[in-house]
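Here's the structure we're looking at; comments come further down.
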Amino acid sequence: MLNGTFTVGYQGVPGAYSYLAMNQYFAGCEIEPRHFTSFDDVAEAVRQGSIQYGVLPIENSSTGGITTVYDLIRHNHINIVGEKIVKVEHCLLVYPGAVLEDIKEVYSHPQGLAQCHEFFKAHPEMKECPYTNTAKAAQLVAEKKDRSLAAIAGAQAAEPYGLEVLMRGIQSNKSNYTRFVIISRQAEIPPEANKITLVVSLPHKPGSLYHVLSHFEQNGINMTNIESRPIPGRPWEYFFHMDITGHLNDEAVQDALAGLKQEDARYKLLGNYVADDTARE
């Protein structure tokens, strides 16, 4: 359990899902929030030490992994020290007095738009307009004061910008969650840590991934996620971001990681932290 006062950065503005994840993860702590324009800016601020922690989305249950965030963590040599899973309920936010028939353009982050594809199929007259952040989209609609504009964001983004919730739960997947990671310049591995994120580079030969994964299976280690990324400058070769269960001090984990080296695979630890076991509906 964290205690103390921390400077914490997130992408977007108050009302964003990242803002919600930050407040939930650091509940009970005194925090000084810092908002940034992009994921890159958050990672860079953590790397430079101008903030102690950053909050970044890394995976959505509907649209999959946000691989650019994995890349940012790896490139900036920073560490994952925690995670927070947030239930995503997208709402259609409008300027006061607007009705559904008024709406011509809908603004949101590209992932927010993608997660509401069934809504847009039912309303083809509405133009999808990608924007930097869900809450920033709400802010834009409020500033424009135009009843033909709407934003897709969480209900928490309505009040700060004086908007109304016209429709709730318009995401296609009603069990929609986003996993956020907490990043820090320094590694933090508490005794109760039970999840490991690492990036693995494999030798370019047949069966290399199979042999690497076999070491996790032989040691009874569960893999909860795997994402492939191309290796720059080496066409058709890939490295893999992996989430596995366990603590680095566990004998089974140590044996599995030793097995990776036997397969001539290189790995880099991105974090060993406590998994968020928030119950999902």
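FYI, our numbering numbers position 34 of the sequence shown as 42, with every residue one higher than the one before it.
From the three backbone atoms N, C-alpha and C, an ideal C-beta is built for every residue, glycine too.
- Apply the 10 Å Cβ neighbour rule to Q179 and answer buried if 16 or more other Cβ atoms are within range, or exposed otherwise. As a first step, residue 179 is located in the sequence shown; it is residue number 171 there, counting from the start. Buried.
- Who are the near neighbours of V261 in its chain, counting only those whose CB is closer than 8 Å to its CB and skipping five residues on each side? Reading the sequence shown from its first residue, position 253 is the one you call residue 261. Here the set comprises I204, N227, I229, I252, G254, H255.
- Cross-strand partners of Y293 (DSSP beta bridge): Since the first residue of the chain shown is 9 and the last is 289, residue 293 is not available in this structure.
- Query: Excluding five sequence neighbours on each side, which residues of the same chain lie with their C-beta closer than 8 Å to the C-beta of G57?
  - Reply: Locating residue 57 in the sequence shown gives position 49, counting from the first residue. If we look at G57 and ignore the five residues flanking it on each side, its Cβ neighbours are R193.
- Message: Out of N87, K92, A150, Y115, which one is the CA nearest neighbour of P104?
- Response: Your numbering for residue 104 matches position 96 in the sequence shown. The residue with the shortest Cα to Cα distance from P104 is A150.
- For E113, which beta-bridge partners are listed by DSSP? Against the sequence shown, residue 113 aligns to sequence position 105. The partner list for E113 (beta bridge, DSSP) reads K135, L157.
- Item | Minimum C-alpha distance to A36 - residue among P22, F14, A24, F44 | For the purposes of this step, residue 36 is taken as residue 28 along the sequence shown, with counting starting at 1. The residue asked about is misnamed: residue 36 is Gly in this sequence, not Ala. Residue F14 holds the alpha-carbon nearest to the alpha-carbon of G36 among P22, F14, A24, F44.
- Look at the Cβ atom of A19, then the Cβ atom of H43, and state whether they are nearer than 9 Å. Taking the first residue of the sequence shown as position 1, residue 19 is located at position 11. Taking the first residue of the sequence shown as position 1, residue 43 is located at position 35. According to the sequence provided, residue 19 is Gln. The question's Ala does not apply to it. Yes. Within cutoff.
- Message: DSSP three-state label for G267, please.
- Response: As a working note, residue 267 is residue 259 in the sequence shown. Here G267 carries a helix assignment [DSSP, helix/strand/coil].
- Which listed residue (G120, L221, G72, T75) has its alpha carbon closest to that of A266: As a first step, residue 266 must be located in the sequence shown, where it is residue number 258. Out of G120, L221, G72, T75, L221 has the C-alpha closest to the C-alpha of A266.
- Exposed or buried, what is Q119 when buried is set at 16 or more other beta-carbons lying within 10 Å of its beta-carbon? Residue numbering aside, residue 119 sits at position 111 when the sequence shown is read from its first letter. So Q119 counts as buried.
- From the DSSP output, in three-state form, read off E289 for me. Here residue 289 refers to the residue found at position 281 of the sequence shown. Unreliable positioning characterises E289 in this predicted model, as indicated by a pLDDT of 49, which lies under 50. The coordinate reading is nonetheless provided below. Coil.
- Query: With distances taken from CA atoms, which of L100, Q123, V207 is nearest A159?
  - Reply: For the purposes of this step, residue 159 is taken as residue 151 along the sequence shown, with counting starting at 1. Residue L100 holds the alpha-carbon nearest to the alpha-carbon of A159 among L100, Q123, V207.
- Of the listed residues E225, V96, E245, nearest to R187 (C-alpha basis): Within the sequence shown, numbered from 1, the residue matching residue 187 stands at position 179. Of the candidates E225, V96, E245, the one whose C-alpha sits nearest the C-alpha of R187 is V96.
- Task: Look at the alpha carbon of V50 and the alpha carbon of V63, and state the distance between them as a whole number of angstroms.
- Result: In the sequence shown, the residue the question calls residue 50 occupies position 42. In the sequence shown, the residue the question calls residue 63 occupies position 55. Looking at the two C-alpha atoms, the distance is approximately 8 Å.
- Task: Specify, as a first and last residue, the run of the beta strand (DSSP E) that E196 falls within.
- Result: Taking the first residue of the sequence shown as position 1, residue 196 is located at position 188. That residue, E196, is in no beta strand (DSSP E); it is neither H nor E in DSSP.
- Query: For V107 versus L157, is the C-beta distance shorter than 9 Å?
  - Reply: As a position in the sequence shown, residue 107 is number 99, starting the count at 1. As a position in the sequence shown, residue 157 is number 149, starting the count at 1. No.
- Query: Secondary structure at E126, three-state DSSP: helix, strand or coil?
  - Reply: Taking the sequence shown and counting its residues from 1, one reaches residue 126 at position 118. The answer is helix: DSSP assigns E126 an H, G or I state.
- Item | Spatial distance of R55 from I191 (CA atoms) | Taking the sequence shown and counting its residues from 1, the one referred to as residue 55 is at position 47. Taking the sequence shown and counting its residues from 1, the one referred to as residue 191 is at position 183. Each residue's Cα considered, the two are about 10 Å apart.
- Message: Quick check: what's the CA-CA separation for D79 versus P238?
- Response: For the purposes of this step, residue 79 is identified with residue 71 of the sequence shown, where counting begins at 1. For the purposes of this step, residue 238 is identified with residue 230 of the sequence shown, where counting begins at 1. The straight-line gap from Cα to Cα measures roughly 11 Å.
- Message: Could you compute how far the alpha carbon of Y169 sits from the alpha carbon of A53?
- Response: Against the sequence shown, residue 169 aligns to sequence position 161. Against the sequence shown, residue 53 aligns to sequence position 45. Distance between the alpha carbons of Y169 and A53: 27 Å.
- Task: Provide the residue span of the beta strand (DSSP E) that contains V63, from first to last.
- Result: Translated into the one-based positions of the sequence shown, residue 63 becomes position 55. Note, V63: beta strand (DSSP E), 61-68.
- When the Cα atoms are used, what is the spatial distance from A264 to D48? Locating residue 264 in the sequence shown gives position 256, where the first residue counts as 1. Locating residue 48 in the sequence shown gives position 40, where the first residue counts as 1. Taking the straight line joining both Cα atoms gives about 32 Å.
- Task: Measure the Cβ-Cβ separation of H117 and N87 and say whether it is below 9 Å.
- Result: Sequence index remark: in the sequence shown, residue 117 carries index 109 (1-based). Sequence index remark: in the sequence shown, residue 87 carries index 79 (1-based). In this structure, N87 does not lie closer than 9 Å to H117 by Cβ.
- Task: Answer yes or no: do F248 and E235 have a C-beta to C-beta separation smaller than 9 Å?
- Result: For the purposes of this step, residue 248 is identified with residue 240 of the sequence shown, where counting begins at 1. For the purposes of this step, residue 235 is identified with residue 227 of the sequence shown, where counting begins at 1. The criterion of a C-beta distance shorter than 9 Å is satisfied by F248 and E235.
- Message: Based on DSSP bridge pairs, tell me the residues matched to A178.
- Response: Taking the first residue of the sequence shown as 1, we reach residue 178 at position 170. The sequence given here places Ile at residue 178; Ala does not occur at that position. I178 is not bridged to any residue.
- Where T253 falls: helix, strand or coil (DSSP): For the purposes of this step, residue 253 is identified with residue 245 of the sequence shown, where counting begins at 1. Strand at T253.
- Query: Where does G105 fall in DSSP's three states?
  - Reply: In the sequence shown, residue 105 corresponds to position 97, counting from 1. DSSP places G105 in coil when its eight states are reduced to three.
- Query: Taking C-beta to C-beta, are E113 and K135 nearer than 9 Å?
  - Reply: Indexing the sequence shown from 1 puts residue 113 at position 105. Indexing the sequence shown from 1 puts residue 135 at position 127. Their beta carbons are under 9 Å apart, which means E113 touches K135 by this criterion.
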